[in-house]
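Engineer: Chains as they are written, first to last, in the numbering used here: chain A, 28 to 352; chain B, 18 to 262; chain C, 20 to 349. Below is the structure I would like to discuss, written out as structure tokens.
Given below as structure tokens:
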């Protein structure tokens, strides 16, 4: 058992693009669920639209990287509008069902061979990094120390991811402390009371849906930034992982999603490496793919226990539980 | 003169509420002996319905206790209470609109299907009007308010309960139907069912009940026999003189 | 209850609000709400069936009726919280059909709820601030730039503080609304409603569950609304309160308006008394059913008549009414 390797990898995951991407996605979900009370079971779809929007704009239409990013974000906003217009006037469960369906539709659209020359179908998309790397302000070299040692490209990706996360967090922080945030809090408490005071509840919920969706798309872009856009990633389990990260940290808080994603990824990485180490050294009698599956099982169990025993997460206020209506 | 009988229902200093930290009942007390017709009157918001719901296990009880024939039933779930002989008729949403009258009655005897036939006979003897027209095959959702009230009462009677909890049986009814409703409750009570009735039509309620409780701000403001309360000038002024006789 | 409290300092009642003889559906000199043919059924049940109703401007109108009469449903229909099956109604001359609840509120028609909707997990001050309409900071893009709304927020806070002092809730300004008593929550709901600068305030059972000590205060606040030029429509069961402050009374029973008029006159109307007390108030049902001896009869009833009447007579009347209804439905 190479403990040094295990710990090295685990610590490195704190700043991995995956963690940053999850933090963004969880932040977006916090806006949907924590602040708006909307149940979104299609987080993966929003992230996919961000990632594919980015990659396709660069590869097929020759956009620069920031143009691609813009397309990804706008795409998510449009998707949110399409989703919300029919469902937000109905009971909350309808949005949840609609998002599950929409997520599948999006995934299949990206998978179908009909659009293979644009989406890459099952093979996904790669090789769109030139534009992004060309804008890298950091000169060639090695940066950082210990487990956090990067070359200039890896550094650029992480800096970009962190800046996006910081910007999004600041945005959400400002919003929650503004009169807009006050109205959202009121809507979560009692929609009818807010309506009786002259506020357009539908409009506010839609704004929450769009904003959260755009931030999720940003997460998808950050995820795709260093490597490739693989359709096998944007599946339902991704949605549930983001939910786990959100609930772990605290659904109705600004920093909860960040903390939750961090803890989630650190533990995930640790488990992957640990289980791997166990199987390799023969202590655990199973193949490495089985160990991978075991990891998912453990995450699932953790999510169930979390929802039952600590639904407010680390930073949440038990009294503010949004489950209890 | 202290009563040495075990009360059928004993509510002892109960504190209860729906939302955390907010209590609707603040030390409510009630005693009902076998065969009595108990009336609960008082202003809206006093906690009358909440008291019934507390007995039926539908409100969180935060203090005090409730017992049925000496057995502690505090916080026991409704389905258990039905099995123990407690029937409840809520004020609204008290029939299954998509089911026929007969099916509603069958649902009432769900825990003891063998009783169904004989109980339907009993219920129809109390509510003969339900047999009119298409009779028991009528869809409950299409009935008028008064007929629904009868179906709701009938359904609660299907389990041959020893205690019946009624939440404002006269609400929403025409004047003559209100009187009829009170006569029905009296009839059911005479057949041996202990009845605890919350009412807004205080005068009618007190005319037929054996003992009454006046609830205000979640606790008993006054309790005496029905007649004593009817003749009490203070009670009359506050709760009975609704239209300034 | 309120009978023990001395009546409020005399404020003159408004008279001459109606045109012609007071009766259900009578026209008003200056109506602020005009409703016609409003019908709402739930399944087979007719909850509201109002042929014609006009609410007088600048006066305090009480909407009374036994439980289940359709008063809250009517409120919901008039304010856009529910859609009627048929009917038309207007507010200040503007047609309200299909206008969503929040737009109705913005037009100046504010309503409160039977079960108070004080937003529990928000502070009293936040509750008050939410009442203010036209806030720049509530718009998404503007909310991101504090400089755009800070000043307005401070002004709103000042206004809220003044109102809180008036309602004696100023000490609670930073407390969570959930920690207040039922009566205080009702006061908060009223104060919050005033933040919207309404023209018509519809109060659904403002006294229900309120400690008698606060009743007088609530009554005074409602009278203040009228003094400031607002119209008030309130649902209540407390007849003493209705007599004290209502200029006009509308009585509903079984979804219909059965009577209208000045408080004293309406409360003597036999149809109204029937709706509340049952069809035969001269009878003591205790005597009729044999539960009680004649000598113990309710003093307000006719003991002899009660003894000689058979319960079957009343049952027959109810049966006949049912048959008549079935005929009408055909």
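Idealized CB from N, CA, C, for every residue including glycine.
Excluding the 5 residues flanking residue 213 (chain B) on each side, which residues of the same chain have their C-beta closer than 6 Å to its C-beta?
Structural biologist: One-based indexing of the second chain puts residue 213 (chain B) at position 196. Hits under 6 Å: 49, 55 and 182.
Engineer: Between C:112, C:116, C:100 and C:99, which lies nearest to residue 106 (chain C) when the distance is taken from Cα to Cα?
Structural biologist: Locating residue 106 (chain C) in the third chain gives position 87, counting from the first residue. When each option's Cα is compared against that of residue 106 (chain C), the closest is C:116.
Engineer: Determine whether the Cβ of residue 225 (chain A) lies closer than 9 Å to any Cβ atom of chain C.
Structural biologist: Indexing the first chain from 1 puts residue 225 (chain A) at position 198. Yes, contact with chain C.
Engineer: Quick test of the definition: if touching needs 3 or more C-beta pairs under 8 Å, does the stretch 71-86 of chain C touch the stretch 44-58 of chain C?
Structural biologist: Counting Cβ pairs under 8 Å, three or more are found: they touch.
Engineer: Could you spell out where the beta strand (DSSP E) holding residue 107 (chain C) opens and where it closes?
Structural biologist: Mapped onto the third chain, residue 107 (chain C) falls at position 88. Residue 107 (chain C) -> beta strand (DSSP E) spans 105-110.
Engineer: For the beta strand (DSSP E) that residue 53 (chain A) lies in, which residues bound it at each end?
Structural biologist: By one-based count along the first chain, residue 53 (chain A) stands at place 26. Taken as a continuous stretch (DSSP letters only), residue 53 (chain A) belongs to no beta strand (DSSP E), being part of the alpha helix (DSSP H) at 44-56.
Engineer: Quick check: is the beta carbon of residue 159 (chain B) nearer than 9 Å to any beta carbon in chain C?
Structural biologist: The residue labelled residue 159 (chain B) in the question sits at position 142 within the second chain. Closer than 9 Å to some Cβ of chain C, the Cβ of residue 159 (chain B) qualifies, so yes.
Engineer: Could you name the residues of the stretch 215-229 of chain C whose beta carbon sits closer than 8 Å to any beta carbon of chain A, in the order they occur along the chain?
Structural biologist: Cβ contacts with chain A: 215.
Engineer: Where residue 122 (chain C) and residue 227 (chain A) are concerned, what is the direct C-alpha to C-alpha distance, given to the nearest angstrom?
Structural biologist: Residue numbering aside, residue 122 (chain C) sits at position 103 when the third chain is read from its first letter. Residue numbering aside, residue 227 (chain A) sits at position 200 when the first chain is read from its first letter. The alpha-carbon atoms of residue 122 (chain C) and residue 227 (chain A) are separated by roughly 8 Å.
Engineer: Report the residue from C:262, C:176, C:140 and C:311 whose alpha carbon sits nearest the alpha carbon of residue 325 (chain C).
Structural biologist: By 1-based counting over the third chain, the position of residue 325 (chain C) is 306. When only C-alpha atoms are compared, the closest one is C:311.
Engineer: Rounded to whole angstroms, what is the Cα-Cα separation between residue 46 (chain B) and residue 229 (chain B)?
Structural biologist: Working through the second chain from its first residue, we reach residue 46 (chain B) at position 29. Working through the second chain from its first residue, we reach residue 229 (chain B) at position 212. Approximately 12 Å, taken between the alpha carbons.
Engineer: Out of curiosity, what's the CA-to-CA distance linking residue 110 (chain B) and residue 254 (chain B)?
Structural biologist: In the second chain, residue 110 (chain B) corresponds to position 93, counting from 1. In the second chain, residue 254 (chain B) corresponds to position 237, counting from 1. Rounded to whole angstroms, residue 110 (chain B) to residue 254 (chain B) spans 33 Å at the Cα level.
Engineer: Throw me the rounded Cβ distance for the residue 206 (chain A) and residue 154 (chain C) pair, which I believe falls under 8 Å.
Structural biologist: Start at 1 with the first residue of the first chain, and residue 206 (chain A) comes out as number 179. Start at 1 with the first residue of the third chain, and residue 154 (chain C) comes out as number 135. Contact flag correct, Cβ pair sits at about 5 Å.
Engineer: Drop a sphere of 10 angstroms on the beta-carbon of residue 211 (chain C), count the other beta-carbons inside from all chains shown, and report buried for 16 or more, exposed for fewer.
Structural biologist: Position 192 of the third chain, counted from the first residue, corresponds to residue 211 (chain C). It is buried - the Cβ of residue 211 (chain C) has at least 16 other Cβ atoms within 10 Å.
Engineer: Can you find a C-beta in chain B that's less than 9 Å from the C-beta of residue 296 (chain C)?
Structural biologist: As a working mapping, residue 296 (chain C) is identified with position 277 in the third chain. So yes, residue 296 (chain C) belongs to the interface.
Engineer: According to a CB-to-CB cut-off of less than 7 Å, which residues of the stretch 134-146 of chain C neighbour chain A?
Structural biologist: So the list reads 136, 138, 139, 140, 141 and 145, given in the order they occur along the chain.
Engineer: Would you mind giving the Cβ-Cβ distance between residue 15 (chain B) and residue 216 (chain B), rounded to the nearest angstrom? I have them listed as a contact below 8 Å.
Structural biologist: For residue 15 (chain B) there is no data in the structure shown, the boundaries of chain B being 18 and 262.
Engineer: Kindly indicate if chain C contains any beta-carbon less than 9 Å away from that of residue 222 (chain A).
Structural biologist: Taking the first residue of the first chain as position 1, residue 222 (chain A) is located at position 195. Judged by the 9 Å Cβ criterion, residue 222 (chain A) is in contact with chain C.
Engineer: Return the residues of the stretch 176-201 of chain C that lie within a Cβ-Cβ distance of less than 7 Å from chain A, sorted by chain order.
Structural biologist: Against chain A - using a Cβ distance shorter than 7 Å - the stretch 176-201 of chain C contributes no residues.
Engineer: Using a Cβ-Cβ distance under 9 Å, would residue 20 (chain C) count as near chain B?
Structural biologist: What you label residue 20 (chain C) is simply residue 1 of the third chain in a count that begins at 1. Residue placement at residue 20 (chain C) is poorly supported in this model, since its pLDDT is 44, which falls under 50; the coordinates are not used for a value here.
Engineer: Output needed in chain order: residues of the stretch 223-243 of chain B with a Cβ under 9 Å from some Cβ in chain C.
Structural biologist: The stretch 223-243 of chain B vs chain C, Cβ under 9 Å: 223, 224, 225, 226, 227, 233, 234, 235 and 243.
Engineer: Below 8 Å on the Cβ atoms is my guess for residue 133 (chain C) versus residue 223 (chain C); work out the distance and round it to an integer in Å.
Structural biologist: Within the third chain, residue 133 (chain C) is the residue found at index 114, counting from 1. Within the third chain, residue 223 (chain C) is the residue found at index 204, counting from 1. Going by Cβ atoms, the distance from residue 133 (chain C) to residue 223 (chain C) rounds to 5 Å, so yes, they are a contact pair.
Engineer: Under 9 Å between the Cβ atoms of residue 265 (chain C) and residue 294 (chain C)?
Structural biologist: In the third chain, the residue the question calls residue 265 (chain C) occupies position 246. In the third chain, the residue the question calls residue 294 (chain C) occupies position 275. Contact: no.
Engineer: Looking at C-alpha atoms only, which residue of B:142, B:126, B:250 and B:130 is the closest neighbour of residue 103 (chain B)?
Structural biologist: Walking along the second chain from the start, residue 103 (chain B) turns up at place 86. Out of B:142, B:126, B:250 and B:130, B:126 has the C-alpha closest to the C-alpha of residue 103 (chain B).
Engineer: List the residues of chain C that residue 63 (chain B) touches, going by C-beta distances under 9 Å, in chain order.
Structural biologist: Locating residue 63 (chain B) in the second chain gives position 46, counting from the first residue. What residue 63 (chain B) touches in chain C: 227 and 228.
Engineer: Would you list, in chain order, the members of the stretch 37-55 of chain B that have their beta-carbon closer than 9 Å to a beta-carbon of chain C?
Structural biologist: Result list: 37, 38, 39, 41 and 54.
Engineer: When burial is assigned at 16 or more other CB atoms within 10 Å of the CB, is residue 7 (chain A) buried or exposed?
Structural biologist: The requested residue 7 (chain A) is not part of the displayed model; chain A covers only 28 to 352.
Engineer: According to the Cβ coordinates, are residue 44 (chain A) and residue 147 (chain A) closer than 9 Å?
Structural biologist: In the first chain, the residue the question calls residue 44 (chain A) occupies position 17. In the first chain, the residue the question calls residue 147 (chain A) occupies position 120. Not in contact: residue 44 (chain A) and residue 147 (chain A) (Cβ atoms no closer than 9 Å).
Engineer: Looking at C-alpha atoms only, which residue of B:36, B:68, B:21 and B:138 is the closest neighbour of residue 30 (chain B)?
Structural biologist: In the second chain, the residue the question calls residue 30 (chain B) occupies position 13. Out of B:36, B:68, B:21 and B:138, B:68 has the C-alpha closest to the C-alpha of residue 30 (chain B).
Engineer: Let's see if you can read the secondary structure: which residues bound the alpha helix (DSSP H) around residue 142 (chain A)?
Structural biologist: Within the first chain, residue 142 (chain A) is the residue found at index 115, counting from 1. Element bounds for residue 142 (chain A): n/a, residue is neither H nor E.
Engineer: Smallest Cα separation from residue 187 (chain C): which of C:343, C:68 and C:240?
Structural biologist: Position 168 of the third chain, counted from the start, is the residue given in the question as residue 187 (chain C). The option with the nearest alpha carbon to residue 187 (chain C) is C:240.
Engineer: Looking at residue 295 (chain A): is its Cβ nearer than 9 Å to the Cβ of residue 40 (chain A)?
Structural biologist: The sequence position of residue 295 (chain A) within the first chain is 268, counting from 1. The sequence position of residue 40 (chain A) within the first chain is 13, counting from 1. Contact: yes.
Engineer: Listed in chain order, which residues of the stretch 254-284 of chain C have Cβ atoms closer than 8 Å to some Cβ of chain B?
Structural biologist: So the close ones are 256, 257, 258, 262, 272, 273 and 283.
Engineer: Taking the beta strand (DSSP E) that residue 280 (chain C) belongs to, which residues open and close that run?
Structural biologist: Here residue 280 (chain C) is taken as the residue at index 261 of the third chain, counted from 1. Note, residue 280 (chain C): beta strand (DSSP E), 275-280.
Engineer: In the stretch 35-48 of chain C, which residues sit with their C-beta less than 9 Å from some C-beta in chain D, listed in chain order?
Structural biologist: In the displayed structure, chain D is absent; the protein chains listed are A, B and C.
Engineer: Against chain B, which members of the stretch 147-177 of chain C pass a CB distance test of less than 8 Å?
Structural biologist: Result list empty, no residue passes.
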